[in-house]
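In the numbering used here, the protein residues as written are 3 to 212. For glycine and all other residues, C-beta sits at the position ideal for the given N, C-alpha and C. The structure under discussion appears below in the form of structure tokens.
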Ligand code: 3PG
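If you want it as structure tokens, here you go:
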């Protein structure tokens with residue numbers, strides 16, 4: 003049976019967002035995150051390696067919860083599901099993508115950045131959404147304001163989140179998680195600094211336990 007959104011996000015409050023320029027790094031990054039106490043990651047389809055990386059990570063480390071990010075087309079959506087992605091994240095949405103997500107019963111966080119987009123996502127039954135780009139939209143103030151008309155919605159805020167503001171976002175009642183690339187910066191991946199990625203993950207895990 004397909005997993006439900008709550009089964010996946012129940013114990014997840016930070017999602018590292020990863021864009022790979024090299025396939026051989028994917029398992030090392032995943033292991034570094036797990037060693038640092040984070041067992042989830044979102045691999046974006048911004049580079050050519052995304053789908054294959056999801057497949058390889060999932061087969062080597064089946065216990066990791068893996069999402070496909072920056073999914074913008076039905077083809078990408080279907081390729082990511084086939085590769086074993088546990089969930090799908092999109093920076094925005096189209097009706098076609100929302101319909102596919104709904105009909106395929108795939109856990110999906112459609113991206114929104116305006117109240118109108120929120121309303122379209124709600125028409126398809128989505129009440130957990132990605133807010134992107136959170137900081138540029140007004141961050142905490144935006145989320146507080148949007149709670150008025152949409153009190154039942156929960157957001158995963160991404161775009162400009164760091165270790166310094168993650169906690170503030172997570173303290174809002176309409177934020178269920180945050181995501182960001184700060185845990186897996188390209189400079190650390192390029193220099194193969196797995197221990198440093200592990201330390202960033204540990205720092206985030208510790209912050210969240212406080
Ligand atoms: C995403 O797709 O969620 C964002 O690109 C992450 O944004 P960030 O790089 O500002 O963390």
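- Between the alpha carbons of residue 152 and residue 128 lies a gap of roughly 12 Å.
- When DSSP states are grouped into helix, strand and coil, residue 63 belongs to the coil group.
- The DSSP-derived three-state label of residue 111 is strand.
- Note on the stretch 72 to 99: whole alpha helix (DSSP H) runs with a minimum of 4 residues are 76 to 85, in chain order.
- For residue 36, the uninterrupted alpha helix (DSSP H) segment begins and ends at 28 to 37.
- Put simply, of 44, 34, 98 the residue whose alpha carbon is nearest the alpha carbon of residue 19 is 44.
- Residue 125 sits exposed, since fewer than 16 C-beta atoms from the chains shown fall within 10 Å of its C-beta.
- Under the three-state reduction of DSSP output, residue 11 falls in the helix class.
- The C-alpha of residue 107 is placed about 19 Å away from the C-alpha of residue 156.
- In this structure, residue 44 has its beta carbon less than 8 Å from a heavy atom of the ligand 3PG.
- The beta carbon of residue 31 lies closer than 7 Å to those of 20, 186, 191, 199 in the same chain, with the five residues before and after it left out.
- Note on residue 150: under 16 other CB atoms within 10 angstroms of its CB, so exposed under the neighbour-count rule.
- About 6 Å separates the beta carbon of residue 79 from that of residue 99, a gap short enough to meet the 8 Å contact definition.
- Here residue 205 carries a helix assignment [DSSP, helix/strand/coil].
- Not one heavy atom of the ligand 3PG falls within 8 Å of the beta-carbon of residue 178.
- With a minimum length of 4 residues, the unbroken runs of alpha helix (DSSP H) contained wholly in the stretch 159 to 196 fall at 168 to 172, 188 to 192.
- Residue 160 has its Cβ nearer than 8 Å to a heavy atom of the ligand 3PG.
- Closest by C-alpha distance to residue 196, out of 34, 133, 115, 160, is 34.
- In the three-state scheme derived from DSSP, where H, G and I count as helix and E and B as strand, residue 148 is classed as helix.
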